[in-house]
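Here's the structure, in structure tokens; my notes come after.
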Amino acid sequence: MSAVEQMKNAKQTDNIKLTRRSFLAAVGTSAAGLGFQRISVASEKDVRPNILFIMVDDLGKEWISCYGAEDIETPNIDALAKTGMRFENAYSMPQCTPSRATLLTGQYPWRTGWVNHWDVPRWGVGYFDWKLRSNMTFARIMKTAGYATAAVGKWQINDFRVTPDAMKKHGFDDWCMWTGYETGNKPSAERYWDAYINTPQDGSKTYAGKFGPDVYTDHLIRFMTEHKDQPMMLYFPMALTHGPSTTTPAEPDVETKLEKHKAMVHYTDLLVGRLCKAFDKLGIRDRTIIIFTTDNGSASGHTGTINGRKIRGGKAKKTENGVCAPFIVNCPGLVPQGVVTDALTDFSDLLPTFVELGGAKVPKDLKIDGVSIAPLLLGKAEDSRRQWIMALGHGAARLDQKGVRGKVDYTERVIRDKRYKVWVSEQRKISQLYDLKSDPFEQKNLVGSKNTEHLAAMEKFQAVVDTMPEKDARPKYTPRKANPWEKKLPGKA
């Protein structure tokens, strides 16, 4: 290495240390007191980090090249990993609604009741109710710490026809969301070409000739530009790469289902690159923490390749290809570079992590299940504090006379540490045990083994199971007058 290169590297290291020290000092002074009064951040606005949380819809590691995918190239996502931190053991939930409810509230699905998918605009009845304290979102908490908040992409847990300002009620200053498919409103089915989108400025309408992911991204960049001088909490639950398969502006002539899927992944990567360039142009890239992940594994119709092995999409499954999500964190100057970590984390950790990074506090009367991984992300710890992580929830919920509920009283779940993984049955019994170190594809069930290590793992995980209620909670929401398009409750006309 030349003397010039050494000097440049030393200067960069010093700048990273200085930025991190300044950031930690700001967080330390801003974290005091939260009776939900607004905290003054005028003196800290230059060091408090922006946070961009990107969550792709239905995409497993087998379609991200930095995770070893061989059938695709994702250079912009790979660049985030190369200059940031890549997680090997990060759990989402197996399907849409459980993942979204968990990350928004910091609570596991068994606590919130959203243990199964519930497509609110399509089915109605239940909804993510802002009126209940237990449904407090990270956006509402971040606003108390002076953050400007925005969300773009896919929401789907409220019906904007019923509550046009649902996003505002959940703590977002601005939004640009596909409405979800609204029963009885055919144009609303479109999330890609001719997307049907809701914004506070224009309500819900079709964006004729427009590609939805571009509309969402453009809206977010406008918000970033308008609020670049204050800390921002940005939530981008992408519509991509969920079906239906489609062409993209970059690849308009692809024809087969596989070609369209690859084009959608390519476009996801392109949008990640656009956002990074926008932060660079605004001069705020070095104080913007980007987290990239997915809500669950790929759809089962797509098969990718990792290190020569074919991996079928695991959406709605609790095997590792369904819940062990790509998870990458990047911020020049704050997040250590070139790190691959085996630290444990799951989606319940996101709310407390955002809150700690933003210098806010979780209200004392709010029960959450997650643990902040902020120290790990900032290079102040070598591991997370998690001893285990968990995933549960797939398939559609059902209705009874009281409303929406889980399919069963106790939802099957998986719990793992860095080596072992157990499956817990609907009878609250451990039915499967796998050594992921020697058996990453979960082919040899070790339940019944007399090996002392296996017995110790079973005992450890059973103790975790015993801390959970015998029945999952029901989704919490305030009953409302039925709408014509909603599913009918049993016994009601």
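Numbering (my numbering), first residue to last: 80 to 572.
Cβ coordinates follow ideal geometry from the N, Cα and C atoms, glycine included.
Computed from a predicted structure; not experimentally measured.
Asked: With three or more C-beta pairs closer than 8 Å as the rule, is the stretch 411-423 touching the stretch 446-460?; Found: yes
Asked: Assuming valine 241 contacts tyrosine 295 under a Cβ cut-off of 8 Å, what Cβ separation, rounded to an integer in Å, is found between them?; Found: Rounded, the Cβ-Cβ distance is 22 Å, inconsistent with contact.
Asked: With a 10 Å radius around its C-beta and 16 neighbouring C-beta atoms as the bar for buried, classify glutamate 269 as buried or exposed.; Found: buried
Asked: With 16 as the cutoff for other CB atoms within 10 Å, does glycine 527 come out buried or exposed?; Found: exposed
Asked: Can you grab the Cα-Cα spacing for the pair leucine 455 / proline 411, in whole Å?; Found: 15 Å
Asked: Among the candidates Lys508, Thr347, Pro323, whose CA atom is the shortest distance from the CA of alanine 329?; Found: Thr347
Asked: Taking only three categories from DSSP, how would you classify phenylalanine 358?; Found: helix
Asked: Where glycine 449 and isoleucine 236 are concerned, what is the direct C-alpha to C-alpha distance, given to the nearest angstrom?; Found: 21 Å
Asked: Label proline 563 either buried or exposed according to how many other C-beta atoms from any shown protein chain fall within 10 Å of its C-beta, with 16 as the threshold for buried.; Found: exposed
Asked: How is the beta strand (DSSP E) around cysteine 255 delimited, first residue to last?; Found: 253-257
Asked: For lysine 516, does the count of other Cβ atoms within 10 angstroms reach 16, so buried, or fall short, so exposed?; Found: exposed
Asked: Alpha carbons only, please: which of Thr490, Met221, Phe239 is nearest the one belonging to leucine 430?; Found: Met221
Asked: Measuring CA to CA, which of Glu305, Gly263, Gln186 is closest to alanine 227?; Found: Glu305
Asked: Determine the burial state of lysine 397: buried for a count of at least 16 other Cβ atoms within 10 Å of its Cβ, exposed for fewer.; Found: buried
Asked: Under the assumption that lysine 233 contacts proline 128 (Cβ atoms under 8 Å), give the Cβ distance between them as a whole number of angstroms.; Found: With a Cβ gap of about 25 Å, lysine 233 and proline 128 do not count as contacting.
Asked: So, is lysine 339 buried or exposed, given that buried needs 16 or more other C-beta atoms within 10 angstroms?; Found: buried
Asked: Would you tell me roughly how many angstroms separate the C-alpha atoms of alanine 561 and valine 204, rounded to the nearest one?; Found: 7 Å
Asked: Go through its chain and collect everything with a Cβ distance to leucine 512's Cβ below 7 Å, but skip five positions before and after it.; Found: Tyr499, Val501, Asn524, Leu525, Val526, His533, Ala536, Met537
Asked: Would you tell me roughly how many angstroms separate the C-alpha atoms of proline 554 and glutamine 416, rounded to the nearest one?; Found: 40 Å
Asked: Closest to leucine 159 by C-alpha separation, out of Arg301, Lys356, Met547, would be which residue?; Found: Lys356
Asked: Of all the options Val344, His381, Asp238, which has the alpha carbon lying nearest to the alpha carbon of glycine 393?; Found: His381
Asked: Using beta-carbon positions only, say whether glutamine 480 and proline 569 come within less than 8 Å of one another.; Found: yes
Asked: Does the stretch 483-493 come within contact of the stretch 182-200, defined as at least 3 CB pairs closer than 8 Å?; Found: yes
Asked: Please report the residue range of the alpha helix (DSSP H) in which threonine 184 lies.; Found: 175-184
Asked: Under the three-state reduction of DSSP, which class applies to alanine 498: helix, strand or coil?; Found: Checking the sequence shown, residue 498 turns out to be arginine, not alanine. If DSSP states are grouped into helix, strand and coil, arginine 498 belongs with coil.
Asked: Can you have a look at lysine 140 and say buried or exposed, based on whether 16 or more other CB atoms are within 10 angstroms of its CB?; Found: buried
Asked: Got a sec, what are the start and stop residues for the alpha helix (DSSP H) isoleucine 276 sits in?; Found: Careful: isoleucine 276 lies outside any alpha helix (DSSP H), inside the beta strand (DSSP E) at 275-278.
Asked: What does the alpha-carbon distance come out to for the pair arginine 573 and aspartate 545?; Found: In this structure the chain extends from 80 to 572, so residue 573 is not present and cannot be described.
Asked: Could you check the C-alpha separation between tryptophan 142 and threonine 258 for me, to the nearest Å?; Found: 27 Å
Asked: For glutamate 521 versus tryptophan 202, is the C-beta spacing smaller than 8 Å?; Found: no
Asked: Can you tell me the Cα-Cα spacing of glutamate 334 and threonine 216, whole angstroms?; Found: 40 Å
Asked: Is the CB-CB distance between threonine 320 and methionine 343 below 8 Å?; Found: yes
Asked: For phenylalanine 166, which option in Ser178, Pro292, Arg179, Cys145 has the closest C-alpha, if you only look at C-alpha atoms?; Found: Cys145
Asked: Report the rounded CA-to-CA distance for serine 510 versus glycine 472, giving the unit in angstroms.; Found: 17 Å
Asked: First and last residue of the beta strand (DSSP E) that includes tyrosine 513?; Found: 509-514
Asked: Mind checking serine 451: buried by the 16 CB within 10 Å criterion, or exposed?; Found: buried
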